Each structure stands twice: as structure tokens, then as C-alpha cells.
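Everything on this sheet refers to the single structure shown next.
There are 2 protein chains.
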Amino acid sequence: MTDDQERTLEWVERAAAFCMDEYAVPPIAGRVLAWLMICDPPEQSAGQIAEAIGASRASLATSMRLLIDAGFVRRRTRPGQKTHYYQVDDDAWERVVRRRVAGLAAFREITAQGMELAGPDPARTRRLRVAHNVFDWMDKAFASMPGPQHEGGEADGA
Amino acid sequence: MTDDQERTLEWVERAAAFCMDEYAVPPIAGRVLAWLMICDPPEQSAGQIAEAIGASRASLATSMRLLIDAGFVRRRTRPGQKTHYYQVDDDAWERVVRRRVAGLAAFREITAQGMELAGPDPARTRRLRVAHNVFDWMDKAFASMPGPQHEGGEADGA
DNA sequence: TGTAATATTCAGTACATACTGAAAATTATA
DNA sequence: TATAATTTTCAGTATGTACTGAATATTACA
């Protein structure tokens, strides 16, 4: 293995660890996603990916479905070929991050319900109100934000 | 059990579920945290909490340490008492949310490293660059934000 | 010191999840 | 149809984690 390949695999492992820690993505699915972020060509078959990251093909079937359902990866077939090709969806990260932030804001609803339950006494509901303010702020802040810089639609290069 | 108690426990279960799903907090720790958000009085002993949520005292020892380490809960002793009293830290949620966002932004560094590894070809690094932009945006957006509305420091009422 | 109340640790159990090899199903051509 | 390549499913294994009861340690006071 060349130095470059080794460094790439190290990077894949780091990026996969992030996905595991922050997004509860299983190890192999995390490696697949990371690999698809940096591999060349960017569109690869399950067999290629499995060999690159050292996983079984059975695992690939499960992981690919997970990543596709989560919106990270797209699958494409080519005419006259049995092989499926996979590629990261460029829009995935923005969508996932937005969904995550929206998920956090769900706690705003829960704290609101809690305050109703606890009654009108402001001292009693203080804990809930402070938490509510935090999530309300989060939600409003993101709703009023412009969004990241996008690029033109010229895709891959396979 | 009164209707009010039952509704409170249902709320605790909902709030705990949020903590489990979004923050990977174990079930019992989640219930403890939720209970401490709404219980009256707001400062309670491990025994009181254990009975309220139906968990063993051994679990409470583990869960309380977890919540304290994570910065959610504070412990207090009273002179002449063996009992420890626990209370949610009002600042916890803001701190935890900020930490979470900072954690997300860590991926920005990883994508930057990835682009170095992949070389100068803009078509090859497109995937990484798009992801990088998303996390860069996240980071800058939060850094430039005012923060939630705070309340004065008049605490609890135990 | 002793003793009663509380807190913590620890071994064991139960449960859930990730992963693989092997079998079954699908797909593209002859 | 048959057959060769690939994908998917599934049973079984391995691993990790949450939780509890019982034992141990700590604490407050007589």
C-alpha cells in the first residue's frame, strides 16, 4: 500500500469516527460514507467499496440501504450492467444538519407542554422556561439564516 | 395516583425520550433529568427521584454521576445530613447545545484535511468542498449570534 | 468508638446491535 | 430457458451497554 493510500484510509477512519459519534452511524456505514467522500472515481460499486474499507459484501448491502434511507448516498445503475454504483449526494450534509437542528428544536414543544403542566407559578417553572428560551433561540436563529454557499450543478466525472 | 401525577410522568417519559434520541443519554438518566426539570420541590434526593421514576438506587448512583459529569445536574449537601440533593443546572441546556454545535463544526477540520489529501483538482474535491461549506456556515453563524434571553439569578425555592 | 442512614461499587443478567458466511433472489445476456 | 455475475436476506456469533441486587464504603451523630 502506498503512503497516499494509507493516509487516505486514516482520513476515512477519522471521518467515520465523526459520523459514529455525532450521528450514531454504525462503523461500517461511517467508513462507506467517508470513503465515498474522498474516493476516486467518486462513483463506485459495492465490491470496490467493500474491498477499499475491508468489509464484507453483506455488510455493504445493509450499510448502503441505511445511507440511502438517511439521504447521504444515491444509487445509480448503468444500462447493460448488473452492478450498482453509489455516490454521495452533495446536498446531503446541508439537509442532515438542518434536520438535526430541527430535531433539537423539538424540545421547545416539550418544555412548553411542561410549563402548562406545572402551572402558573413562575418560580416553579423557571427551569423549564430557561430551557425553552434556549431552544426557541436556536430555532429562530436558524430559521432566519441565509444558508451555506452553493456551487453550480456540474457533477462528478466518472 | 392522581391524574396530575400521571400526566407528569407521561411528560417525563416524553422528555426522557428526547434526551435518549438526541443526546444518547441512557433511559434512566433521561428520566432523572426530565424529572428534575419538573419536580416539586426542584431539589430532590436520590431516594425521592428513584421512587418517582421507578428505578433502583444503584441506577441512580450511576445516572447521577453521568448527569453531573455532562454538566446537567448539580449536587448539594446540607449541613447535618447524609443525604445528597440534586438539581438541574439552569445553564446546562445552553452549554450543551453550544457544545453540540461546536462538535458538528469539527467536521469542518476533517473536510479541510480531506481536501489537502485529495489534491488541487476542483472536480475531485467537490464533494468535500460542499460539505466544508455547510459546516463552515454553521460555525460562523453560531459564532456571530447573540445567545438566548437570560433571566435574573433568583434561584429555586426549596 | 459504635450504629444507623445513605451512597457507591461490582458481578451478573438481560437486551440490543453490528457484523459475517452461506443461502436465496435478482439481473443481464446467450 | 440456462448461466454467470451481482445483490439481498437471514441465522448465528460476538460485542457492548443498561440495569439490578448484594456487598462495601462513607457519613453524621451518640
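Taken in order, these protein sequences are the chains called A and B. Everything in the first sequence is counted per this note's numbering, starting at 10 for the first residue and increasing by one. Everything in the second sequence is counted per this note's numbering, starting at 10 for the first residue and increasing by one. Every residue, glycine too, gets a C-beta built ideally from N, C-alpha and C. Just so it is clear, the structure is predicted and the values come from calculations on it, not from any experiment.
Counting only C-beta atoms, is A:I37 closer than 8 Å to chain B at any point? no
Beta strand (DSSP E) segment containing B:R84, residue limits: 82-86
Which chain A residues are close to B:I77, counting only those with a beta carbon under 9 Å from its beta carbon? Ordered by position in chain A, no residue passes the 9 Å Cβ test against B:I77, which lies about 16 Å from the chain.
Determine, using beta carbons only, whether A:M124 and B:G123 come nearer to each other than 8 Å. no
Please identify, using Cβ separations under 7 Å, the residues of the segment 43-67 of chain A that lie next to chain B, in order along the chain. M46, I47, D49, P51
DSSP three-state call for B:Q122: helix, strand or coil? helix
Cutoff 8 Å: B:F81 Cβ touching any chain A Cβ: no
Leaving aside the five residues before and after A:R107 along the sequence, list all residues of the same chain whose C-beta is less than 6 Å from its C-beta, in chain order. none
Excluding the five sequence neighbours on either side, which residues of its own chain have a C-beta within less than 7 Å of the C-beta of A:T134, listed in chain order? M124, A127
Report the CB separation of B:V110 from B:F144 in whole angstroms; it is logged as a contact under 8 Å. That pair is no contact at about 10 Å.
If the cut-off is 7 Å on Cβ atoms, which residues from the segment 93-123 of chain B count as contacting chain A, listed in chain order? V97, D99, W102, E103, V106, G112, L113, A115, F116, I119, Q122, G123
Any idea if B:D99 is buried or exposed, counting beta-carbon neighbours within 10 angstroms, 16 or more meaning buried? buried
Is it true that the segment 110-120 of chain B meets the segment 26-43 of chain A, where meeting means three or more beta-carbon pairs spaced less than 8 Å apart? yes
Below 8 Å between beta carbons: does that hold for B:L27 and A:I58? The residue asked about is misnamed: residue 27 of chain B is Phe in this sequence, not Leu. Their beta carbons are not under 8 Å apart, which means B:F27 does not touch A:I58 by this criterion.
With a cut-off of 8 Å, does the C-beta of B:V34 fall near any C-beta of chain A? no
Residues of the segment 13-31 of chain A in Cβ contact with chain B at a cutoff of 7 Å, in chain order, please. R16, T17, W20, R23, A24, F27, E31
Express the C-alpha separation of A:M147 and B:K149 in angstroms, rounding to a whole number. 14 Å
Work out the CA separation of B:L137 and A:I62 for me, nearest whole Å. 19 Å
CB contact check: B:A127 to chain A, cutoff 8 Å: yes
Distance cutoff 8 Å, beta carbons only. Does B:R136 sit that close to anything in chain A? yes
Where A:R40 falls, given that 16 or more other Cβ within 10 Å makes a residue buried: buried
Under a three-way DSSP split, which group does B:Q57 fall into? helix
Outcome for B:R117 when other beta-carbon atoms lying within 10 angstroms are tallied against a minimum of 16: buried
Classification of A:T71 by the beta-carbon crowding that lies within 10 angstroms, buried from 16 upward: exposed
Partners in chain A for B:Q158, counting only beta-carbon separations shorter than 8 Å: N142, W146
At a CB-CB cut-off below 7 Å, which residues of chain B make contact with A:A150? M154
From the beta carbon of B:R133, is the nearest beta carbon of chain A less than 8 Å away? yes
Within 8 Å, strictly: CB atoms of A:A24 and A:P36: no
Helix, strand or coil for A:A167? Go by DSSP, reduced to three states. With a pLDDT of 40 at A:A167, under the threshold of 50, the modelled position of this residue cannot be trusted, and the question is left open.
A:H141 - containing alpha helix (DSSP H), residue span: 135-152
Per DSSP, what kind of secondary structure is A:Q169 in: helix, strand or coil? With chain A represented from 10 up to 167, any question about residue 169 of chain A goes unanswered, as that position is not in the structure.
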